[in-house]
């Protein structure tokens with residue numbers, strides 16, 4: 427893929443972004459309503475997420491691309507931080523300790 431091809435894809439995806447997110451309009455509203463109803467008495471409110479992905483198919487010529495979007499409700503739980511008993515961290519492949 428050339429830099430020029432990527433520039434064309436970026437320009438096209440900017441135009442497609444409002445269209446594809448707009449298609450999720452009702453789903454976003456439904457998710458937001460569900461989140462608000464579910465958490466009226468709770469301080470840990472889930473988040474409504476709209477994830478947009480740019481998918482490039484380089485397996486064919488000419489290459490193709492598309493935007494894909496999904497609506498979800500994100501609930502986050504965080505556990506405790508745990509540490510290994512050894513003080514030294516083993517060296518990972520490709521990394522050097524200073």
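Residue numbers (my numbering): 427 to 524.
All C-beta atoms, glycine included, are put in the ideal place defined by N, C-alpha and C.
If you're wondering where the values come from, they're calculated on a predicted model, not measured in any experiment.
Note to self: What residue range does the beta strand (DSSP E) around residue 496 cover?
What the structure shows: 490-500
Notebook entry, point to check: Three or more C-beta pairs closer than 8 Å, one from the stretch 500-509 and one from the stretch 448-455: is that the case here?
Noted result: no
Item checked: Presumed contact (8 Å Cβ cut-off) between residue 427 and residue 480, rounded CB distance -> That belief does not hold up - the Cβ atoms of residue 427 and residue 480 are roughly 13 Å apart, past 8 Å.
Item checked: Whole-angstrom distance between residue 496 and residue 441, CA atom to CA atom -> 18 Å
Notebook entry, point to check: Can you name, in chain order, every residue of its own chain whose Cβ lies under 7 Å from the Cβ of residue 501, other than the five neighbours on each side?
Noted result: 472
Notebook entry, point to check: From which residue to which residue does the beta strand (DSSP E) around residue 476 run?
Noted result: 473-483
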